[in-house]
Structure formats: structure tokens, C-alpha cells
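Beneath this line is the structure, given in C-alpha cells, with notes to follow.
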Amino acid sequence: MDRFQDICSRIHKKEYKLTPQRQVILRALLANDEEHLSAEDVYGIVKQKNPEIGLATVYRTLELLADLDVLLKMDFGDGRLRYEFADDDGTHHHHHLICNSCGIVQEFEDDLLESLEQTIQKKNNFKIEDHQLKFFGLCEECQKEARD
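Be aware that the sequence shown starts at 39, since it is given in the working numbering, and climbs by one per residue.
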């Protein structure tokens, strides 16, 4: 089953309707799944071919997909929530490098927090379900520009 059909199935199992608008929004997200899109970004994409879809519909659909653990909400400190697909278990297994100058977001997979998570769980009798790590600084390009 492809990813679109899998997500549609999850929506139906929770007894939500898969409206044509939701399908368009979901396809736009899937077509840009390497990006960290805001609601405004998604709206800009879908209105090009479907101008009848409003920003409120985009917001509601993103909220629904986040509630169903299809999407994760990310705050990169720019005043807009960003969305990315959750792993199949609803978690997030990568981290982000965020450029303070140009705003580019890079993902990285090095997860050195596993042992720290284990220690925190044992020491505090706390079951960690997920974590997010964000580093803010200057990307390679902005560092070059700053030197010039």
C-alpha cells in the first residue's frame, strides 16, 4: 500500500471523512515531504490548482493530521508552526539545524540522546515517548557570506 492510501486508511479508521479538499492537501504534503511546511506554505501550494480551498481548511486539515499522529508540529522559532510526517509509530527520529540568518532547516539523524534518555527515565521514573532537538546557528552559506 502506498503512503497516500495508508494515511487515507488511517483517516477512515478513525471515522473521519476524506473530503476532496483533504485529499488535495495530503497530496501537497506528500509531494513536499522533505520540506518543513507551514500552513501558509501548504495553502500557497494548494491554491495554485485549487483556489477554492481556503486557509482555514488547510489549518483544520493539518490539525486533524497532527491529532491522528500522521504529522508532527514543529516550532523553529519563526512564529509559524511547521509540519512534517511522523514515523509510522507517531514519533520523530531526527533533529534539526536551523539557520538564524536565512532560515534554512537541515535535518540530521545522529541520535546521541538514546543513552541520555535511558538515564533520565531511570533516574526520574519517567517514560519518555519522544524528544525534539533543535540547534540554532549559521548554515555554511551564511557563514561564508559573513566572512566576505
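Glycine included, each C-beta is placed from N, C-alpha and C at the ideal position.
DSSP state of residue i mapped onto helix, strand, coil
i	result
GLN43	helix
LEU75	strand
GLY175	strand
VAL91	The sequence shown places Ile at residue 91, not Val. Coil, per DSSP.
LEU151	coil
ASN70	coil
GLN170	coil
THR57	coil
Sequence-distant residues of its chain with Cβ nearer than 7 angstroms to residue i (five each side left out)
i	result
VAL62	VAL84, ASN88 and ILE91
ASP116	GLY141
Other residues of its chain near residue i: CB distance less than 8 angstroms, five sequence neighbours each side excluded
i	result
ALA104	LEU110, LYS111 and TYR121
Which listed residue (the options) has its alpha carbon closest to that of residue i
i	options	result
GLU30	TYR97, LYS161, ALA69 and GLU72	The structure shown has nothing for residue 30, since the chain only spans 39 to 186.
ASP168	PHE174, ARG48, HIS132 and ASP113	HIS132
Contacting residues, own chain, Cβ-Cβ under 6 angstroms from residue i (five flanking each side not counted)
i	result
GLY128	With a pLDDT of 49 at GLY128, under the threshold of 50, the modelled position of this residue cannot be trusted; read the value that follows with caution. Around GLY128: ASP107.
GLU147	HIS132
In chain order, which continuous runs of the beta strand (DSSP E) of length 3 or greater are located wholly inside the stretch 102-147? 109-113, 119-123, 133-137 and 143-146
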